[in-house]
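Inspection log for the structure reproduced underneath, given as structure tokens.
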Amino acid sequence: MGIFRDFPYLYEGNQQYEEQYLSTYAQAPGMFVAVARDAGRVVGASTALPLAHETAEVQRPFLNHPEFNVQDILYLGESLLLPHYRGRGLGHQFFDLRERHARTLGLNVTTFCAVQRPENHPARPASYRPLHAFWRSRGYTERPDLTTEMHWQDVGQSVETPHEMRFWVK
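Just so you know, UniProt numbering puts 4 at position 4 of the sequence shown, and the rest follows in order with no gaps.
See below:
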């Protein structure tokens, strides 16, 4: 959960919610989890599951879109790496593994969503580098027409607030 506390997510999560959320993945047919370790220590993780088994808020943008069938899509959930392990090719490996998993399941579309934050957000560190170029290099297209809203409590806040999530599709 610590990685999600950082910009751009600024997520103030709790263990109980995360365990419940991860149980969705653990119980879903066709789910995928990859874990990166260094000397036994978990340094990264990546998840995916067929979009048909995701929550309504994640499925909603695709349900009535003539271009998509939720039965044909693998939703790429989290892809997290501790800062020291970024830029070493592990992110590419996570995408390779999940895209291969999609093909194994016979799913021909992969997608994920990312939170939208303004460029001048007060919590944005000067060293922050958006991942858009990386995602484009992987063949993903940002889709402003595919958005959803998720609610969570930001770091330093006392209540949950809505956050726009934009999908990227390949």
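The beta-carbon is built from N, C-alpha and C at its ideal position, and this holds for glycine as well.
All figures in this text were calculated on a predicted structure; none of them were measured in a lab.
Length of the line joining the Cα atoms of residue i and residue j
| i | j | result |
| --- | --- | --- |
| Thr-141 | Val-115 | 15 Å |
| Asp-96 | Val-35 | 14 Å |
| Arg-166 | Arg-41 | 32 Å |
| Phe-32 | Glu-54 | 13 Å |
| Cys-113 | Pro-144 | 11 Å |
| Arg-37 | Gly-87 | 15 Å |
| Ala-126 | Glu-119 | 11 Å |
| Thr-104 | Arg-129 | 32 Å |
| Pro-66 | Trp-168 | 17 Å |
| Leu-82 | Gly-89 | 13 Å |
| Arg-136 | Val-43 | 24 Å |
| Leu-131 | Gly-77 | 15 Å |
For residue i, the first and last residue of its enclosing alpha helix (DSSP H)
| i | result |
| --- | --- |
| Ser-79 | Element bounds for Ser-79: not the alpha helix (DSSP H) but the beta strand (DSSP E), 73-81. |
| Gly-91 | 90-104 |
| Ala-56 | 56-63 |
| Phe-134 | 132-137 |
Spatial neighbours of residue i in its chain, beta-carbon cut-off 6 Å, leaving aside the 5 residues before and after
| i | result |
| --- | --- |
| His-79 | Here residue 79 turns out to be Ser, not His, going by the sequence shown. For Ser-79, where only same-chain residues beyond five positions count, the Cβ hits under 6 Å are Ser-46 and Phe-94. |
| Phe-68 | Phe-62 |
| His-163 | Val-115 and Met-150 |
Sequence-distant residues of its chain with Cβ nearer than 7 Å to residue i (five each side left out)
| i | result |
| --- | --- |
| His-84 | none |
| Gly-102 | Note that residue 102 is Ala in the sequence shown, not Gly. Correct list, in chain order: Leu-74 and Thr-110. |
| Leu-107 | Pro-50, Asp-72, Ile-73 and Leu-74 |
| Ser-158 | none |
| Val-70 | Leu-51, Ala-52, Gln-59, Phe-62 and Leu-63 |
Own chain partners of residue i with C-beta closer than 8 Å, once the 5 adjacent residues on each side are dropped
| i | result |
| --- | --- |
| Lys-170 | Glu-99, Val-109, Thr-110, Thr-111, Arg-138, Gly-139, Tyr-140 and Thr-141 |
| Arg-60 | Thr-148 |
| Glu-57 | Thr-148, Glu-149 and Met-150 |
Residue range of the beta strand (DSSP E) that includes residue i
| i | result |
| --- | --- |
| Pro-162 | 160-169 |
| Leu-49 | 41-50 |
| Leu-36 | Contrary to the premise, residue 36 reads as Ala rather than Leu in this sequence. Its beta strand (DSSP E) spans residues 32-38. |
Heavy atom of the ligand PLP within 7 Å of residue i beta-carbon
| i | result |
| --- | --- |
| Phe-68 | Inclusion of the ligand PLP in the displayed structure is not the case, the ligand content being empty and no account of it being possible. |
Using 8 Å as the cut-off, can you tell me whether the stretch 22-37 makes contact with the stretch 47-58, which would need three or more C-beta pairs spanning the two stretches below that distance? yes
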